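Trainee: Input: one structure, supplied below.
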Amino acid sequence: MYVKSMVIDGFKSYGQRTEIKGFDRQFNAITGLNGSGKSNILDAICFVLGITNLTHVRAGSLQELVYKSGQAGITKASVTITFDNSDTSKSPLGYERYEEITVTRQAVVAGKNRYMINGSTVQNKRVNDLFNSVQLNVNNPHFLIMQGRITKVLNMKPPEILSMIEEAAGTRMYETKKQQAEKTIEKKDAKLKELNDLINEEIGPKLARLKEERSRYLELQKVQRELEHLTKISIAWTFMRLEASCNNQEVELQTTQNTLADTKKKIEDSNQEISGIDEKVEELRKKRDAETGGRLADVEKRLSELEKDEAKAVAKLKSGKESVSSEEKKRKQLEKNLRDDEAALKEKEKILSKAEDVFLQLKKADEEDSKALEAAERKFQAVSSGLLSSDDGEDATLQDQLMKAKQEVSRLQTETMQCNMQLEHNRSELKNKQKDLKQGESDYARDEKQLNTMEKELDSLKRELGKVNYQEGEMERLEDTKRELNTNIRKTRDRVEQFEARNSSLRFHYKDPEPNFNRSSVKGLVCTLFRVKEPRFCMALESAAGGRLYNVVVDNEVTSNKIIKKGQLQKRFTFIPINKIQGRAMDQQTIRTAQQLVGADKVFPALSLIEYEPQYKPVMEWIFGQVFVCDQMSTATKVTYDKRILKKCITLEGDVTDPGGTLSGGAPKAGGSMLLQIEEYQQCQQQLAQLEVEYAQVDAQIRSITKDADKYGSLKQRLDIRQAEVEMVRTRLQQTVHHQIQTEVNQLQASLEELTKRVAECKQSEKEYVKKVKDLEAKVKDAKNLREKQLKAAEQEMKRLQKKAEESRNQWKAREQEFETSKLEISELKKSIESGQQEIEKCLANIEQLKKEVEELTVESNQVKADVKKLQHEVKEQKDILAQQNQEIQETMKHKAQLEKEVSEFQLEIISLQHKITKLQSDAAGNRDKLGEFLKAYEWIETDRQYFGQVDGMYDFRQNNPQEAQQRLSKLQETKEKLSRTVNARAMNLLGKEEEQYNEVMRKKGIVEKDKQKIVDLIAELDDKKKEALRLAWKQVNKDFGSIFGSLLPGAQAALKPPTGKDILDGLEVKVGFNGIWKESLGELSGGQRSLVALSLILAMLLFKPAPIYILDEVDAALDLSHTQNIGQMLKAHFKHSQFIIVSLKDGMFNNANVLFRTKFVDGMSTVTRTTVANNQQGKKNS
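The opening residue of the sequence shown carries number 1 in UniProt numbering; numbering runs sequentially from there.
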């Protein structure tokens, strides 16, 4: 089957219907300029052959195959190929009767496909089956060598080259069968697993349980037999004891009745003797009352009256003392009130004092302003009367002022003279003192030098202390901070440990498995690595994660191995290495389906409900990636069992629905969700970590400043000592004679300076007064004008002061009311204090009076008590006399009491005996009833009674101890009850059925295992056939490869060989040699040689299993003309039974073709012209 013709319409660059006829059945070439549409012809052939990967035809979608993507008005691409099918031996299956087969494929802009065979529309699969039957599978083509495949072959690795051999040899069939066999093995394994699960989980446990139930059933029968035997022995023993007890009770009853009669007779005798004693006692009492009764009664009467008087005296005394106490309390309260008033008075006086100061100041200001106003008025009157104001403010005439100024000049001259005289005296004294000062100057200078030296040392110490990088008290502050942090760390760690103690699953501690272990590689428990966005999802997420919440996350499996082996873990943990774990998030289509099914607000992917760091993404996807969280059970059930979803769902209460059909739920967990508590736990851990960091920083600061602190302390101590020494030396210097003289000298020098200054001041004042005298003399001459000016100024000053005086008076009047109110309050408080003091004095007087009364009552009470005591003594004497007379009566009464006691005891004994008789009668009757009940309940007693207690018999109570039998009975009864609750009476029948089922399942298991072994043997046989076919294919391809390469490149050799030390089944390498010398690698070849090698290999494989059609697209692009010519000749020589359609730009290739098609680009569309070889060569000659 080969291509005869084809029609292209609207396909890629062929915008118009283009018919290409006259394809040669062997060698066809297509040439043309770049972009003229030559490769589009090959794309059109592939399009018809049913290619699905459009990238092989340089398109992204079916629309791109339409001319200009449908934008030029052409909306359909159509390609029709007519195949010659005259050779029925090579016809497709089912098409042997057709001489021609026409296949059409159409694609419209909308992206739809249409296939037709011989004008009839068919499915895509039918077209694929047609071409696959003649080895034209366009989706796995070995007949199609497009641009770039040559380069890919050169870069193939040995396994890839081997796969090319497999493809050419057709061993994929073996792989397909092997895969089918492996799938069958998987099914067999699944069946075996199912049978094993059935045996191990259902039949086996049930069989074991039934066997156990059978053994318990047999044991129960044994227990029942022993229980029946021991029960008879126990009943017989009890029956004999009841008989003996009845006999003993009858004897004891008769004895007790005799004792009762004797006791009653004793009571009668005692009662007669008690009557005689009563008569005797009555006679003795009459005799005693006649002798002593009247006097004792008189004394007791007087004692009673005195005791009443004593009680009254005591009551009065108590009342007096209470009155004193009440007055004392009143006094204390008055004193407290007095203290409060005095405190209030002080406070008011303070307030008054402050107000009085302000008031007095205002009043003083008013008075001063009033005086100033009066002075201004006097001045105005003085000026009006001819007096003028002088510079010192006094009013006087100009003559008086002139006289006063001349007097002041005279006074200043006198003072100047006195100061000069004092200056002379002080200078003389200063010279004498300076002489005395020089005598002790050396010693003083030495001490002063020492002081200066010490002060310099002191300054040096201060500078050195200032250079130390330490502030005073810093070490103490850091130590306090360290202690506080240590306390906080201990408290926070206690909280963390208490939480871990309550939740042991969170307790993950380990030792470093090696020195310098990187603890950051251990990330922690899963539950601490994420945060739940909303608290209402905590219970659901906890249920979704299950035990994985407490798995430990590490960076890789090496870390987990180290911790497991050497971390000294306290319990077992599961580790999750981040680099190994692989999770998968739920796809968006499934999420959208679930949300559309029940609503977006009712179902949520679990992964979207938590926040975590990106590095933990694989872990979180592994745990939560395939789980939904739903609002309620109905929603969860609906989502879980939907065929489009089939995902595990968990409700907000933690109930679980699984696609496998299982449901779990029930009461919520006690204590609430652990995830809610973990947030607090994490906060504590973070706080603990922060505190530990701060503690480490403070500790580091302490270590860093310890040296400076020690240095600072040492310098500070030296500085304090030196300062004390300097103060001592300075004090000693001040106490020396030289220092005192120096002080006097300094005072004299200061006095000289002051006197000199005073002389200068006096001279200056003298000049001023001399000038003033001259001015006054001038004023005397102009007295009229001066008077008018001063009169006007005095009038203005008087008006100003008048206004100021009115303001001062107003302020003073405003404060006067407040001042008077405070004075009135103070007056009232003073009166209250005086009244309180008077009350206290009065209270003290009452207390003194009451105390006197208490003393008098005390004396009176003591007198009454003495009288009472005297009468009590007298009563006692009378009673002693009476007691002697009562002794005989008492002895008689004592004997009577003894008799009465005996009678009482006898009566109690009678009651006891009566009770005993009643009980014996009742017990005897009860025992007789029990014997009757025994005889009724156990009929065998009458027949076996004669054997009870018989030696060596069934009821031999020496051999069968009844007590032991009863103990054994209780144990057997318990055993029987336990066995009765668990024994299954149908176990014997069920056991037989289960054993039959077990044998049947084991038989089926044997069959499946045999079938599996046959399939394994079949796979081994297929592998052997595949290896044999591969070796045959390799030999043939290797032979053709060398032959083709040698014809393309004379003198060269090529071969396919396995890598060194390996078999051909491990892969094949291309080896090339020239004149018997083999190259180490293809990298030593030129680009053209490498292309020839690749092309030779491809053609060798094509030759091994030739297809009816081969399509080559510019395979000679990297070759020169001579090699291209050789390829064309080789194709003609080796591929005589296949049709080649080749695109080439080189004459050496298409000159060997039988038919040549040339493409051109005309008016924006591709066109095709056909020439035969003869026409082609003729055209060249003409040109």
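We treat Cβ as the ideally placed atom computed from N, Cα and C, and that holds for glycine.
Note that the structure is predicted; figures quoted are calculated from it, not measured.
When burial is assigned at 16 or more other CB atoms within 10 Å of the CB, is Y681 buried or exposed?
Mentor: That one is buried.
Trainee: Please state whether DSSP places M1165 in a helix, a strand or coil.
Mentor: The answer is strand: DSSP assigns M1165 an E or B state.
Trainee: Tell me V48's beta-bridge partners as DSSP assigns them.
Mentor: V48 pairs with nothing; no bridge assigned.
Trainee: Could you check whether the region 1011-1023 touches the region 188-196, counting it as contact only if at least three pairs of C-beta atoms, one from each stretch, sit closer than 8 Å?
Mentor: Touching, yes, given that three or more Cβ pairs across the two stretches are closer than 8 Å.
Trainee: Find out if the Cβ-Cβ distance for the pair G1083, P159 is shorter than 7 Å.
Mentor: In this structure, P159 does not lie closer than 7 Å to G1083 by Cβ.
Trainee: Below 8 Å on the Cβ atoms is my guess for E1114 versus S1091; work out the distance and round it to an integer in Å.
Mentor: No, E1114 and S1091 are not in contact; Cβ-Cβ is about 11 Å, not under 8 Å.
Trainee: Taking all protein chains shown into account, decide if G10 is buried (16 or more other Cβ within 10 angstroms of its Cβ) or exposed.
Mentor: The residue in question, G10, is buried, as its Cβ has 16 or more Cβ neighbours within 10 Å.
Trainee: How about T657 and T637: do their beta carbons lie closer than 7 Å?
Mentor: Yes, Cβ-Cβ distance for T657 and T637 is below 7 Å.
Trainee: According to DSSP, is L1049 part of a helix, a strand, or is it coil?
Mentor: DSSP places L1049 in coil when its eight states are reduced to three.
Trainee: Considering R114, what are the terminal residues of the beta strand (DSSP E) in which it resides?
Mentor: First-last of the beta strand (DSSP E) with R114: N113 to I117.
Trainee: Rounded to whole angstroms, what is the Cα-Cα separation between E212 and E226?
Mentor: Each residue's alpha carbon lies about 21 Å from the other.
Trainee: Going by the CB atoms, is the gap between F1140 and F143 shorter than 7 Å?
Mentor: Cβ distance not < 7 Å, so F143 and F1140 don't count as in contact.
Trainee: I'd like the span of the beta strand (DSSP E) that includes F1140, first residue to last.
Mentor: Residues Q1139 to V1143.
Trainee: Buried or exposed for K38, going by 16 or more other Cβ atoms inside 10 Å?
Mentor: Buried.
Trainee: Do you know offhand how far K4's Cα is from Y115's?
Mentor: Approximately 19 Å between the Cα atoms of the pair.
Trainee: For the alpha helix (DSSP H) containing P618, name the first residue and the last one.
Mentor: Per DSSP, P618 belongs to the alpha helix (DSSP H) from K617 to F624.
Trainee: Closest to T1171 by C-alpha separation, out of G1087, K936, E201 and G32, would be which residue?
Mentor: It is G32.
Trainee: What do you get for L801, buried or exposed, if any count of 16 or more other CB atoms within 10 angstroms of its CB means buried?
Mentor: L801 comes out buried.
Trainee: Apart from the five residues just before and just after I650, which ones in its own chain have a Cβ nearer than 6 Å to its Cβ?
Mentor: Excluding positions up to five away in sequence, the list reads A540, S543, A544, V629 and V656.
Trainee: For E888 and E282, I'd like the C-alpha separation in whole angstroms.
Mentor: Computed Cα separation, rounded: 12 Å.
Trainee: Please state whether DSSP places A1153 in a helix, a strand or coil.
Mentor: A1153 falls in the coil class under three-state DSSP.
Trainee: So if DSSP puts S904 in a beta bridge, which residue, or which two residues, is it bridged to?
Mentor: DSSP output for S904 lists no bridge partner at all.
Trainee: With H, G and I counted as helix, E and B as strand and the rest as coil, what does DSSP make of S861?
Mentor: Three-state DSSP puts S861 in a helix.
Trainee: Tell me, please, whether the region 1036-1047 touches the region 1088-1108 by the rule of three or more beta-carbon pairs shorter than 8 Å.
Mentor: Counting Cβ pairs under 8 Å, three or more are found: they touch.
Trainee: Taking DSSP as the reference, what is the three-state secondary structure of Q407?
Mentor: Helix at Q407.
Trainee: Pop quiz: P92 and S133 are said to be a contact at Cβ under 8 Å. What is the actual Cβ separation, rounded to whole angstroms?
Mentor: Yes, they are in contact, since the Cβ atoms of P92 and S133 sit about 5 Å apart, within 8 Å.
Trainee: What is the DSSP secondary structure of K1180, counted as helix, strand or coil?
Mentor: At K1180, the pLDDT of 49 sits below 50, so the modelled position is not reliable; the number obtained from the coordinates is stated separately. K1180 falls in the helix class under three-state DSSP.
Trainee: Kindly indicate which three-state DSSP category G524 falls into: helix, strand or coil?
Mentor: Looking at G524 - three-state DSSP - the assignment turns out to be strand.
Trainee: Can the beta-carbon of V496 be found closer than 7 Å to that of V522?
Mentor: No.
Trainee: If L1037 sits next to I165, beta carbons under 8 Å apart, how far is it from one beta carbon to the other, in whole angstroms?
Mentor: A quick correction: the sequence has Val, not Leu, at residue 1037. That pair is a contact at about 6 Å.
Trainee: If I follow the unbroken beta strand (DSSP E) through I576, where does it start and stop?
Mentor: Note, I576: beta strand (DSSP E), F575 to P577.
Trainee: Applying the criterion that 16 or more other CB atoms from any shown protein chain within 10 Å of the CB defines a buried residue, is L935 buried or exposed?
Mentor: Exposed, because fewer than 16 other Cβ atoms sit within 10 Å of the Cβ of L935.
Trainee: Who are the Cβ neighbours of Q16 in its own chain at under 7 Å, not counting the five residues just before and after it?
Mentor: The residues are M1165.
Trainee: By the three-class DSSP mapping on this structure, what secondary structure does Q950 have?
Mentor: The answer is coil: DSSP assigns Q950 none of H, G, I, E or B.
Trainee: Count the other CB atoms, across all protein chains shown, that sit within 10 Å of the CB of W1034; report buried if there are 16 or more and exposed otherwise.
Mentor: Label assigned to W1034: buried.
Trainee: For P614, which three-state DSSP category applies?
Mentor: DSSP places P614 in helix when its eight states are reduced to three.
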